[in-house]
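K.L.:
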Amino acid sequence: MSSNAGGENVPDDVIQPVTNESAGTLEGQQGAYSYLLTRGGVFEATLPAAGVDAFSKVFASITERDTEDNDKPFLGGGVMTVHNVVPRDGGIVTIRADVGVPNNLNLRVDLFYYNGS
């Protein structure tokens, strides 16, 4: 089933943005990091992220990765959630996440940070 959102034929399972306005350009320091981890259940990880301080805006995502296919992300069986993202002075970010299963899975955590107003 599909809808005719915005004059386009869009499948019902596609999540549309609330607004179609551009956020503009980001002025200030920004960057991104990726980390390869093996964890299970609820865990905390301290991740080095040069350029981050306690007032940085930091966003994190987590996904399972395929170690046999160049660590490419894939949608596996675990329902993964990031609970907390805590930027700290000295280029450190602490995250708390849940892999959704107790056994260890191969994960990729991605961070995006922005320092600006």
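Per the UniProt record's numbering, the sequence shown starts with residue 1, numbered consecutively. Every residue, glycine too, gets a C-beta built ideally from N, C-alpha and C. Treat the numbers as computed from the prediction; the structure is a model and nothing was measured.
Please report the distance separating the alpha-carbon of N88 from that of D53.
P.N.:
The residue you asked about is not Asn; residue 88 is Arg in the sequence shown. If you take the alpha carbons of R88 and D53, they lie about 5 Å apart.
K.L.:
Using a Cβ-Cβ cut-off of 6 Å (strictly less than) and excluding sequence neighbours within five positions of D98, which residues of its own chain qualify?
P.N.:
These residues qualify, in order along the chain: V42, T81.
K.L.:
Would you mind working out which of G116, T38, K72, R65 sits nearest N103, comparing C-alpha positions?
P.N.:
N103 has its Cα closest to that of T38, out of G116, T38, K72, R65.
K.L.:
State the start and end residues of the unbroken beta strand (DSSP E) segment that holds F55.
P.N.:
Premise fails: F55 is in no beta strand (DSSP E) and is neither H nor E.
K.L.:
Which residues in the same chain have their Cβ closer than 6 Å to the Cβ of E21, if we skip the five residues on either side of it in sequence?
P.N.:
Here E21 scores only 46 on pLDDT, less than 50, and its place in the model is too uncertain to base an answer on.
K.L.:
Measure the beta-carbon distance from I95 to V85 and round it to whole angstroms, keeping in mind my assumption that it falls under 8 Å.
P.N.:
Contact holds; Cβ gap of about 5 Å.
K.L.:
Straight-line CA distance for G51 to L36?
P.N.:
Taking the straight line from one Cα to the other gives about 20 Å.
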